[in-house]
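First the structure, in the form of structure tokens, and then the observations on it.
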Amino acid sequence: MIFVFKTNVDNISKVKKIAPKLNKLFPNSKWNFDLEDCDNILRFECSDNIIEKVIFLMKVVGFECEAL
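In structure tokens form, the structure reads like this:
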């Protein structure tokens, strides 16, 4: 499954801040940010429904995140 989120992660230093947490919480998933998109898209490819977990994690570390 592919999940798409709108975020306020707009530069590489913010990606580096969240990356270890995403890798730890979702070790069997592939994810990436599209910083050139106007919505600063975060895409997840995984087999589980992770929408609520991703939104919660992003908000805990100080970022905005909503499922699209």
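Quick note on full-length UniProt numbering: the sequence shown kicks off at 1 and runs consecutively.
C-beta atoms are modelled at their ideal positions from N, C-alpha and C, and glycine is treated no differently.
Beta-bridge partners of Ala-67 (DSSP): Phe-5. Judged by their CB atoms, Ser-29 and Glu-52 are not nearer to each other than the 9 Å cut-off. In the same chain as Lys-21, and ignoring 5 residues on each side of it, the C-beta atoms closer than 8 Å to its own belong to Leu-57 and Val-61, in chain order. The Cβ atoms of Asn-32 and Leu-25 do not sit closer than 9 Å to each other. The residue from Asn-11, Phe-3, Ile-2 and Met-1 with its alpha-carbon nearest to that of Asp-37 is Asn-11. Taking Glu-64 as reference, the option from Asp-48, Asn-40, Ile-50 and Ser-47 with the minimal CA-CA separation is Asn-40.
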